[in-house]
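Per numbering that gives the first Met the number 0, the very first residue in the sequence shown carries number 0; after that it's consecutive. Virtual Cβ for every residue (Gly too), placed ideally from N, Cα, C. Just so you know, these numbers come straight off a predicted model, no measurement behind them. This report concerns only the one structure given below.
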Amino acid sequence: MSIINAVIIGGLGLYTFLFVDGLNPDDLWFQTPIFYYTTCICFGYFVADSLLMVMYVPLRDWSMVLHHTISTWCCHNAIVAGAGLYFGNTWFLTELSTPFVNMSRTLADRAEHQPNTSQPIPDPPSRAECFEIFKTFGWRSRTPADSTERQPTQPNASRPSSRITPESL
């Protein structure tokens with residue numbers, strides 16, 4: 000259910016962001032009907048998902064209850080006040096990542112329940128190992144023998160100084 004909601008809300012948010020003229024962060028009171036439709040769909044989803052969490056115990060998670068409570072309050076304020084729709088639309092754009100988050104959870108759960116038939120994946124290199132790799136292959140310190148480096152020169156060494164000194168008086 001959340002993937003379907005995310006695709007619908009993310010798609011409407013992307014459509015609003017790309018094709019609705021006048022939606023910018025400078026105009027806080029800009030109003031468009033598509034934003035209200037999207038907000039009402041979100042509101043309905045939050046209420047339905049909250050009811051599912053009440054009826055089905057394994058779905059209960061305190062972070063999701065808190066998320067749905069705050070989101071329901073935000074949806075109500077966006078529908079009633081109608082201010083800052085540009086920033087509310089960025090909230091809808093974050094729903095585009097939900098299918099990938101759910102997919103990663105599903106794949107992790109599935110991998111947990113299947114026997115391990117392949118070789119284990121090695122751990123990624125640590126920060127110190129990465130530094131050694133870059134130091135060895137990429138970021139070598141130069142020596143004067145490797146390249147001809149210019150010696151720093153005094154600025155305006157060929158011109159006489161224009162500063163007034165006691166000797167010049």
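Taking a C-beta distance under 8 Å as the contact criterion, Gly-21 and Phe-91 do not qualify as a contact pair. Taking a 10 Å sphere around the C-beta of Ala-107, we find fewer than 16 other C-beta atoms and assign the residue as exposed.
Membership of Asp-48 in the alpha helix (DSSP H) is indicated by the continuous run 32-54. Cβ contact annotation for Gly-87 (same chain, cutoff 6 Å, sequence separation greater than five): Ala-77, in chain order.
Classified as exposed, Cys-39 has fewer than 16 neighbouring CB atoms from the shown chains inside 10 Å of its CB. Within its own chain, the residues whose Cβ lies closer than 6 Å to the Cβ of Tyr-44, once the five positions on either side in sequence are excluded, are Asn-4, listed in chain order. Val-79 and Ala-110 have their C-alpha atoms spaced approximately 45 Å apart. The beta carbon of Met-52 sits closer than 6 Å to the beta carbons of Leu-58 and Arg-59 from its chain, once the five residues preceding and following it are set aside; these are given in chain order.
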